[in-house]
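If you're matching them up, the sequences are chains A and B in order. Reading the first sequence from the start, the letters are residues 23 to 203 in our numbering. Reading the second sequence from the start, the letters are residues 48 to 120 in our numbering. Ideal Cβ placement from N, Cα and C applies to all residues, glycine included. What follows is a set of notes on a single structure, which appears directly below.
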Amino acid sequence: MSEFTCAETLDRLAELVGGDLPEEDRRAVESHVATCEDCREEHTFLQALRSARPEPAPADLQATRDAVRVAMTPPMSEASSSPLGDPRRARETRSRWRSRWRELRWSIPAAAVLILALGTSSVWTEWLGSNGGEAHTEFVEFGEDALAGFYGGEDGLVAGAPVFEDLPDEVLLTLLEEMNP
Amino acid sequence: MDPALGIERKLEADRVRREIDKLPEKQRLAVSLRIFDGLSFREVGEVIDSSEGAARVNYHHGIRRLKEKLRDV
Chain A
23 MSEFTCAETL DRLAELVGGD LPEEDRRAVE SHVATCEDCR EEHTFLQALR SARPEPAPAD
83 LQATRDAVRV AMTPPMSEAS SSPLGDPRRA RETRSRWRSR WRELRWSIPA AAVLILALGT
143 SSVWTEWLGS NGGEAHTEFV EFGEDALAGF YGGEDGLVAG APVFEDLPDE VLLTLLEEMN
203 P
Chain B
48 MDPALGIERK LEADRVRREI DKLPEKQRLA VSLRIFDGLS FREVGEVIDS SEGAARVNYH
108 HGIRRLKEKL RDV
């Protein structure tokens with residue numbers, strides 16, 4: 023039987039207390055421990071350490087934990103297809119959006135100015151139309167009831183109060199008759 | 048089992064766990080994997096991404112530190 027040094031023995035004490043040491047090594051280690059106080063002390067300490075091992079979780083609780091862990095881990099295919107699942111792809115995505123933002127950042131104020139200009143011109147046109155410009159409201163008669171009609175403007179048919187001054191004389195007469203039977 | 052003995056062992060186990068948790072990461076893993084899981088130094092080295100020799104050093108440093116903290120266990 024070979025004899026072990028302290029270093030060789032200390033390296034094998036964990037296997038000894040775990041019962042995993044091959045027979046020949048086990049006898050050599052035990053022989054050394056019997057004669058070496060330091061190694062014996064370490065052997066006793068490791069035995070105490072192993073016996074004080076915290077209780078493993080109950081089987082059902084452990085199964086639950088495992089199930090939760092599995093449920094929280096995305097499948098490999100899903101993780102690789104998600105841009106945020108892969109740090110490298112996430113970096114590329116951020117970089118791509120950053121460069122798009124650099125290209126578009128002057129377009130947004132330009133679009134705002136354009137919208138403002140269009141809105142202003144539309145208001146200006148409306149004002150001209152109601153102050154001597156082209157009349158753009160047209161009454162469309164709807165059956166026999168003159169009030170039940172639609173009033174057409176430039177943007178299509180809209181419902182609203184009739185503009186009496188724009189109505190033909192015949193319609194005005196009809197209205198007056200209905201108001202003063 | 049004597050209930051008092053069971054509680055005492057539980058307290059010991061809690062104390063051991065606390066002291067192991069205080070160890071530096073590689074020492075903690077090396078001690079736990081060697082003592083509780085029976086892994087070889089080579090296997091521990093693979094787990095902690097170190098050489099077999101580094102795993103051995105981490106294990107012995109961890110055991111020495113635990114002996115200082117848990118002398119009466």
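- The DSSP-derived three-state label of B/D96 is coil.
- Under the criterion of beta carbons closer than 8 Å, A/L43 and B/I82 do not qualify as touching, at roughly 14 Å.
- Proximity of the segment 107 to 118 of chain B to the segment 50 to 62 of chain A falls short of the contact definition, fewer than three beta-carbon pairs being nearer than 8 Å.
- Residue environment for A/T31: buried (at least 16 other C-beta atoms within 10 angstroms of its C-beta).
- A direct Cα-Cα distance of roughly 11 Å separates A/L35 from A/A50.
- Within chain B, the residues placing a beta-carbon under 8 Å from that of A/D42 are G85, ordered along the chain.
- Nearest C-alpha to B/Q74 among B/A51, B/L117, B/R118, B/V104: B/V104.
- In the structure shown, the three-state DSSP call for B/R81 is helix.
- With a threshold of 8 Å between beta carbons, B/L113 makes contact with chain A.
- In this chain, the alpha helix (DSSP H) harbouring A/F67 covers 59 to 73.
- A Cβ of chain A is located within less than 8 Å of the beta carbon of B/R56.
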